[in-house]
Amino acid sequence: MTVWAGVDIGNATTEVVLCRDRDVVASGRTPTRGGKGSPRAIQGAAQLIRRLADKHGLTVERAAFAPTPPVHSTVERVRLQARRTGRLAIVLRSAATTAGDAAGVGVPVPVDRLASVDSGESVIACAAAEFGYAEVAALVNDAVAAGCDIAAVLTANDEAVLISNRLNKALPVVDDVDVQQVLASTLVAVEVREGMSPLQRLTDPFWLADAFALGDDERADARTVADQLFDSVCAVVTLDAQADADEPLSEPELPDGLVHIVQLADIAAAANVRRGAVAVDSLVMATMGGDDVSPADADALAAALGVPVTRIDSEAAAARAGALTTPGLPADVVVVDVGGGTVDVVAAGDRVVLPGAGQLLTAATAAALDISTSAAEYAKRAEAVTAVTVQLVEDEHGRRRFLDTPIDGRSTGWLLTAAPSGLLPFTAAMAAAEWRSWRLAAKRLVIGGNVTRGVQDVGADATAVLLVGGGAGDDELVRALAERLGHDVSVGRGNVAGELGHRFAVAYGLVVLAMAGTAQAGEAAAG
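Everything in the sequence shown is counted per full-length UniProt numbering, starting at 1 for the first residue and increasing by one.
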């Protein structure tokens with residue numbers, strides 16, 4: 001029986017299967033070199049075929065190939081214009097340490113000038129970096145004893161607790177404050193809450209409007225500030241004498257053509273994460289374009305291998321043919337190939353290719369957490385653990401285990417993800433459960449939204465979706481797509497030829513179509 005090689009050269013990886021008749025005898029994959037459709041990629045595929053054949057003692061007699069130009073998917077982050085807050089400004093929404101449990105409003109006054117404050121005027125004592133904790137406490141205590149109404153204490157140094165422990169009157173104290181910015185304002189509101197209690201006053205737009213004597217035309221500014229401070233336990237808000245001239249918020253310029261856009265704010269809202277835990281001030285988008293250069297044809301592969309190569313005109317048809325060899329499928333199944341740059345959705349008679357897949361998810365993760373793309377690539381994939389101590393970690397389900405090798409002590413309290421070099425710390429801004437919620441929401445919106453759009457385009461009445469390609473290996477993505485598509489649609493992973501799993505749908509489908517075409521040609525000749 002003839003030994004066939006099915007060759008799928010993708011944008012990122014090249015997959016090859018060797019078959020005798022339709023029985024798979026070998027399979028393998030390698031990174032695509034030189035880009036999909038390039039002569040170098042053809043040579044890389046030929047080398048992989050020869051290695052597989054030599055390893056299994058086979059002689060490849062024919063090959064099947066679908067010359068396809070690359071689809072370039074470009075991912076970009078766009079920062080959005082901040083929502084205006086008029087005369088109000090949030091100077092601080094978190095601090096290294098705080099003390100007290102109260103809210104207060106007053107005029108900002110340098111701590112060394114408290115003695116000159118008029119009696120009955122509520123003030124906020126502001127200590128620049130040159131004032132140590134003992135001196136600040138002494139100046140505040142003297143002013144209070146003299147009848148000064150101090151509502152809160154702000155310091156530029158990391159000394160809130162040290163100051164609070166030396167005060168004769170309980171006051172909210174916040175450190176790490178930009179004191180010069182506060183002193184440039186006309187009025188300041190400060191709130192600190194103990195333990196796990198969230199803010200109560202500064203998250204109330206009516207309290208803000210009353211405390212700062214805002215006009216009706218400024219109530220929207222108070223709402224914006226209040227919304228941004230939810231989930232904080234301390235905050236400093238200032239009022240300026242006048243606001244800059246209002247300018248309408250401009251929408252970012254978007255490219256022409258096919259584009260997939262995801263707002264970071266939408267992911268955060270879907271995950272219900274704490275305000276400030278992740279960035280929400282950007283959108284990420286993927287665009288797609290073809291290549292003007294014709295891909296290397298089947299003749300190039302034939303020359304590299306020295307055997308006849310059957311050209312298959314439709315890579316999408318091959319993907320569907322290979323995917324349909326998965327056991328247990330219904331007739332109306334829609335095949336979805338999730339790659340790094342694109343999502344390829346194939347129904348019985350139609351196909352759509354959409355930008356925005358794994359690379360867009362990586363970009364969204366990097367932007368939201370403000371981490372590198374390489375760290376985001378690993379962080380997005382699966383569950384993380386929290387470093388409780390240098391040798392004790394806790395997973396997202398609350399289970400704890402000891403590590404064989406201690407981690408760096410500086411990573412204690414951080415979330416860690418699996419990477420080739422070991423556990424990689426990537427953020428300390430989120431708890432494990434919170435990160436899990438954001439990660440799943442991102443997969444639903446970034447990739448799930450694209451798949452949903454594609455399925456509606458080519459198979460709106462489908463009751464089953466089969467995932468193939470590299471992205472199908474993500475267990476959480478399968479769940480995310482099932483949630484996105486709803487209970488009436490079954491979502492599962494391909495198992496090509498009942499044994500190859502989800503990666504080799506195109507490669508095996510090429511062999512299936514080529515053998516069918518050869519058989520038809522033989523029947524026609526015999527007839």
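The beta carbon of each residue, even a glycine, is placed where N, CA and C say it ideally should be.
(request) Indicate the three-state DSSP secondary structure (helix, strand or coil) for residue 224 in the structure shown. (result) Here residue 224 is taken as the residue at index 224 of the sequence shown, counted from 1. When secondary structure is reduced to three states using DSSP, residue 224 falls in the helix class.
(message) Quick check on DSSP: helix, strand or coil for residue 20?
(response) In the sequence shown, the residue the question calls residue 20 occupies position 20. Residue state, collapsed to three classes: strand.
(request) Starting from the C-beta of residue 139, find all residues in its chain whose C-beta is less than 7 Å away, skip the five residues before and the five after it, and write them out in chain order. (result) The count along the sequence shown starts at 1 and reaches residue 139 at position 139. Only 111, 112, 114 meet the Cβ criterion.
(request) Starting from residue 337, trace the alpha helix (DSSP H) both ways and give me its first and last residue. (result) The residue labelled residue 337 in the question sits at position 337 within the sequence shown. Where residue 337 is concerned, there is no enclosing alpha helix (DSSP H), although the beta strand (DSSP E) it sits in stretches over 334 to 338.
(message) I'd like to know whether the C-beta atoms of residue 103 and residue 202 end up nearer to each other than 8 Å.
(response) One-based indexing of the sequence shown puts residue 103 at position 103. One-based indexing of the sequence shown puts residue 202 at position 202. Yes. Within cutoff.
(request) Excluding the 5 residues preceding and the 5 following residue 523 in the sequence, name in chain order all residues of the same chain whose CB lies nearer than 7 Å to its CB. (result) Here residue 523 refers to the residue found at position 523 of the sequence shown. The predicted model places residue 523 with a pLDDT of 39, which falls under 50 and marks its position as unreliable; any figure quoted below should be read in that light. The answer is none, since no qualifying residue turns up.
(message) Let's see if you can read the secondary structure: which residues bound the beta strand (DSSP E) around residue 262?
(response) Looking up residue 262 in the sequence shown gives position 262. Note, residue 262: beta strand (DSSP E), 259 to 263.
(request) Would you kindly work out how many angstroms separate the C-alpha atoms of residue 527 and residue 516, rounded to a whole number? (result) Sequence index remark: in the sequence shown, residue 527 carries index 527 (1-based). Sequence index remark: in the sequence shown, residue 516 carries index 516 (1-based). Only weak support exists for where residue 527 lies, its pLDDT of 44 falling under 50; the coordinates are left without a value.
(request) Look at residue 64 and residue 312 and say whether their C-beta atoms are less than 8 Å apart. (result) Taking the sequence shown and counting its residues from 1, the one referred to as residue 64 is at position 64. Taking the sequence shown and counting its residues from 1, the one referred to as residue 312 is at position 312. Contact flag set, yes.
(message) If you follow the alpha helix (DSSP H) that residue 42 is in, where does it begin and where does it stop?
(response) Start at 1 with the first residue of the sequence shown, and residue 42 comes out as number 42. Unbroken alpha helix (DSSP H) run through residue 42: 39 to 56.
(request) Leaving aside the five residues before and after residue 369 along the sequence, list all residues of the same chain whose C-beta is less than 6 Å from its C-beta, in chain order. (result) Position 369 of the sequence shown, counted from the start, is the residue given in the question as residue 369. So the list reads 427, once near-sequence residues are dropped.
(message) Taking 8 Å as the cut-off, does the stretch 38 to 55 touch the stretch 183 to 199 (at least 3 CB pairs, one atom from each stretch)?
(response) No, the stretch 183 to 199 is not in contact with the stretch 38 to 55.
(message) Going by the DSSP bridge assignment, what does residue 342 pair with across the sheet?
(response) Residue 342 sits at position 342 when you count from the first residue of the sequence shown. According to the DSSP secondary-structure assignment, residue 342 is paired through a beta bridge with 355.
(request) Answer yes if the stretch 430 to 446 comes into contact with the stretch 302 to 319, meaning at least three C-beta pairs across the two stretches below 8 Å, and no otherwise. (result) No: the two stretches stay apart, fewer than three of their Cβ pairs being nearer than 8 Å.
(request) Jot down the residue ranges of each uninterrupted beta strand (DSSP E) in the stretch 378 to 447, minimum 3 residues, whole runs only, in chain order. (result) Runs found: 385 to 387, 392 to 395, 400 to 402, 415 to 419, 422 to 427.
(message) With distance defined between alpha-carbon atoms, name the residue in 37, 420, 416, 94 nearest to residue 231.
(response) Numbered from its first residue, the sequence shown carries residue 231 at position 231. Residue 94 is the option with its Cα nearest to residue 231.
(request) Apply the 10 Å Cβ neighbour rule to residue 1 and answer buried if 16 or more other Cβ atoms are within range, or exposed otherwise. (result) Taking the sequence shown and counting its residues from 1, the one referred to as residue 1 is at position 1. Classification for residue 1: exposed.
(message) Can you tell me whether residue 294 is helix, strand or coil according to DSSP?
(response) The residue you call residue 294 lines up with position 294 of the sequence shown. Reduced to three states, the DSSP call for residue 294 is coil.
(request) Give the secondary structure of residue 466 by DSSP, where H, G and I count as helix, E and B as strand, and everything else as coil. (result) Position 466 of the sequence shown, counted from the start, is the residue given in the question as residue 466. Strand, per DSSP.
(request) Take the Cβ of residue 174 as the centre, count every other Cβ of all protein chains shown within 10 Å, and call the residue buried at 16 or more, exposed below. (result) Taking the first residue of the sequence shown as 1, we reach residue 174 at position 174. Buried.
(request) Can you tell me which of the three DSSP states residue 119 falls into? (result) Here residue 119 is taken as the residue at index 119 of the sequence shown, counted from 1. Three-state result, residue 119: coil.
(message) For residue 316 and residue 229, what's the separation of their Cα atoms in angstroms?
(response) Start at 1 with the first residue of the sequence shown, and residue 316 comes out as number 316. Start at 1 with the first residue of the sequence shown, and residue 229 comes out as number 229. Straight-line Cα distance between these residues: approximately 49 Å.
(request) Flag this pair as touching only if the stretch 204 to 219 and the stretch 117 to 126 have three or more C-beta atom pairs under 8 Å; answer yes or no. (result) Result no; under three Cβ-Cβ pairs closer than 8 Å.
(message) Taking 8 Å as the cut-off, does the stretch 181 to 189 touch the stretch 232 to 242 (at least 3 CB pairs, one atom from each stretch)?
(response) A contact exists between the stretch 232 to 242 and the stretch 181 to 189.
(request) Using three-state DSSP, classify residue 532 as helix, strand or coil. (result) Given a span of 1 to 527 for the chain in the structure shown, any question on residue 532 remains unanswerable.
(request) Please state if the CB of residue 465 and the CB of residue 458 are separated by a distance shorter than 8 Å. (result) Within the sequence shown, the letter at position 458 stands for residue 458. Within the sequence shown, the letter at position 465 stands for residue 465. In this structure, residue 465 does not lie closer than 8 Å to residue 458 by Cβ.
(request) Report, in whole angstroms, the separation of the C-beta atoms of residue 283 and residue 262, which I expect to be a contact under 8 Å. (result) The residue given as residue 283 occupies position 283 in the sequence shown. The residue given as residue 262 occupies position 262 in the sequence shown. Their Cβ separation, rounded to whole angstroms, is 7 Å, which keeps residue 283 and residue 262 in contact under 8 Å.
(request) Classify residue 335 as buried or exposed, calling it buried when 16 or more other Cβ atoms lie within 10 Å of its own Cβ. (result) Translated into positions along the sequence shown, residue 335 becomes position 335. Buried, because 16 or more other Cβ atoms sit within 10 Å of the Cβ of residue 335.
(request) Round the Cβ separation of residue 90 and residue 225 to the nearest angstrom and send it over; I've been treating them as touching at under 8 Å. (result) Numbered from its first residue, the sequence shown carries residue 90 at position 90. Numbered from its first residue, the sequence shown carries residue 225 at position 225. The C-beta separation of residue 90 from residue 225 comes to about 6 Å, placing the pair in contact by the 8 Å criterion.
(message) Between the alpha carbons of residue 525 and residue 39, how many angstroms are there, rounded?
(response) To locate residue 525, count along the sequence shown from 1; it is residue 525. To locate residue 39, count along the sequence shown from 1; it is residue 39. Caution applies to residue 525, whose pLDDT of 39 falls short of 50 and renders its modelled position unreliable; the model cannot decide the point.
(message) Our contact map puts residue 494 next to residue 472 with C-beta atoms below 8 Å; I'd like the distance itself, whole angstroms only.
(response) Here residue 494 refers to the residue found at position 494 of the sequence shown. Here residue 472 refers to the residue found at position 472 of the sequence shown. The beta-carbon separation of residue 494 and residue 472, rounded to 6 Å, stays under the 8 Å limit for a contact.
(message) Quick check: what's the CA-CA separation for residue 318 versus residue 508?
(response) The residue given as residue 318 occupies position 318 in the sequence shown. The residue given as residue 508 occupies position 508 in the sequence shown. When the Cα atoms are used, residue 318 and residue 508 turn out to be separated by approximately 8 Å.
(message) Give me, in chain order, the residues of the same chain whose beta-carbon lies closer than 6 Å to that of residue 323; leave out the 5 immediate sequence neighbours on both sides.
(response) Counting from 1 along the sequence shown, the entry for residue 323 is found at position 323. Around residue 323: 335, 466, 468, 494, 505.
(message) Can you find the residues in the same chain that come closer than 6 Å, C-beta to C-beta, to residue 45, ignoring five residues on each side of it along the sequence?
(response) Locating residue 45 in the sequence shown gives position 45, counting from the first residue. So the list reads 7, 9, 14, once near-sequence residues are dropped.
(request) Enumerate in chain order the residues of its own chain whose CB-to-CB distance from residue 475 is below 7 Å, with the five nearest sequence positions on each side excluded. (result) Position 475 of the sequence shown, counting from 1, holds the residue named residue 475. Closer than 7 Å at Cβ, skipping near neighbours: no residue.
(request) Mind checking which residues open and close the beta strand (DSSP E) that includes residue 240? (result) For the purposes of this step, residue 240 is taken as residue 240 along the sequence shown, with counting starting at 1. Counting along the chain, no beta strand (DSSP E) covers residue 240, and no H or E run does either.
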